[in-house]
Structures are given as structure tokens and as C-alpha cells.
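To keep things clear, I will list the structure first and then write my remarks on it.
Residue numbers (our numbering): 553 to 757.
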């Protein structure tokens with residue numbers, strides 16, 4: 553009998569500026585590993601999100617080091633820095649294509665928030681992204697997950713209605729840092745809260 557070909561490792565990609573990484577990000581990453589059949593989850597760190605203000609972004613190197621500290625005990629979640637190597641602008645499809653070229657042995661999928669799915673038609677070559685990549689969609693806050701009209705040939709996104717729901721945002725943590733409010737327990741690395749505060753304050757000068 554012919555040998556059965558081994559199944560490719562399944563890697564779910566979770567893009568973000570992670571400015572900073574916080575507990576909800578980690579909860580969603582663990583959810584993906586437990587419920588979506590993924591072997592690994594990669595946090596794809598964006599040097600600059602085209603939809604966000606550059607002046608609010610903590611340094612890429614600091615965010616990367618912070619993530620690696622947070623993932624020190626995580627065996628199946630890893631940091632992916634590829635967008636720091638790719639030329640701007642950083643589009644999700646282009647990054648995934650670059651990862652597929654580097655890792656043809658892996659099967660990549662994508663984890664996004666419900667708000668991103670609703671606005672997917674504004675993404676770069678969104679039809680091609682939906683045709684080439686399986687999307688998993690988690691709810692943002694209490695908003696219901698809604699399926700947009702899909703282009704012909706698209707893979708139907710999988711709506712993860714039971715994924716963790718949270719209103720926590722990185723913006724809230726940066727605001728807390730500026731206002732002297734201690735929310736370290738909601739951050740990904742509570743022991744680095746004071747350093748995080750220092751980094752946020754430095755952006756103001």
C-alpha cells in the first residue's frame with residue numbers, strides 16, 4: 553500500500569500591533585489552539601498598522617521583546633517578526649504569501665475580529681485573501697458576529713461564537729499608564745508594567 557502523506561502542520565496567524573499584548577490576546581490565542589485544530593498560533597507583529605496612528609505605537613523592538621517575555625512558558629504560541637523584514641505597506645495577503653513561500657510545508661489560516669470581517673471589503677485584494685485562506689472570526693465585545701456577502705469561490709469564514717469576549721483594549725492600557733492607573737493584571741506581562749508606563753510616557757515627549 554502507498555504511504556499516506558503526513559498532514560501539514562496547521563498554523564493560525566493572529567496579526568496585530570499588540571501595543572501592548574494583553575490578557576485577551578493571550579486568551580484568544582489559547583482558544584484557537586484548543587478549539588480550531590491548530591498545531592501552533594503565530595502572533596504576527598505589525599511594525600505599523602495602516603489604520604492606526606504611528607504616534608501611539610510603542611517601538612517595534614520593545615513590543616517584540618515584551619511578547620517574547622509573555623510567551624516564555626507557551627509551547628505552541630510564537631512571535632513572528634516577518635513584517636519587519638517586508639517592505640511597506642504591510643498588507644495581510646502579502647505577508648501570508650511571503651510566509652507560504654518561506655514555509656511551503658505549513659497550512660496557514662487567519663484569526664481576525666468580527667469588526668475586521670465586517671470591513672473586509674476594504675482590505676487589500678480581499679477577494680483573493682478569502683479564496684486562499686481560511687478565516688476564523690472571534691467576536692469583539694458584545695457585538696454579534698455577522699457574515700458579509702462573500703465573493704465567488706471564497707472559503708466561508710468560520711464564526712467562533714464561543715470565543716472569549718472582552719472589551720479590554722491596548723488603548724485602555726496605554727491610557728491607564730498615562731493616568732497613573734494600575735492595570736498590570738490585565739497586561740500580558742504584569743512584572744513589566746512599570747517599564748510599559750515609562751515607554752508610554754516617552755511617546756508623549
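For glycine and all other residues, C-beta sits at the position ideal for the given N, C-alpha and C.
- Note that the C-beta distance between residue 690 and residue 665 is below 8 Å.
- Contact between residue 571 and residue 615 holds: their C-beta atoms lie close to 6 Å from each other, under 8 Å.
- Sequence-distant Cβ neighbours of residue 710 in its own chain, meaning closer than 6 Å and more than five residues away, are 688.
- Three or more beta-carbon pairs separated by less than 8 Å are not found between the segment 714-723 and the segment 590-600, which leaves the two stretches without contact.
- Taking C-beta separations shorter than 8 Å and ignoring five residues to either side along the sequence, the partners of residue 753 in its chain run 729 and 730, following chain order.
- Under the 10 Å beta carbon count, residue 715 is surrounded by 16 or more other beta carbons and is classified as buried.
- Residue range 575-587 is occupied by the alpha helix (DSSP H) that includes residue 583.
- Beta-bridge annotation (DSSP): residue 661 is paired with 564 and 686.
- Under the 10 Å beta carbon count, residue 741 is surrounded by 16 or more other beta carbons and is classified as buried.
- With a cutoff of 8 Å on beta-carbon distance, residue 598 and residue 635 are scored as near each other.
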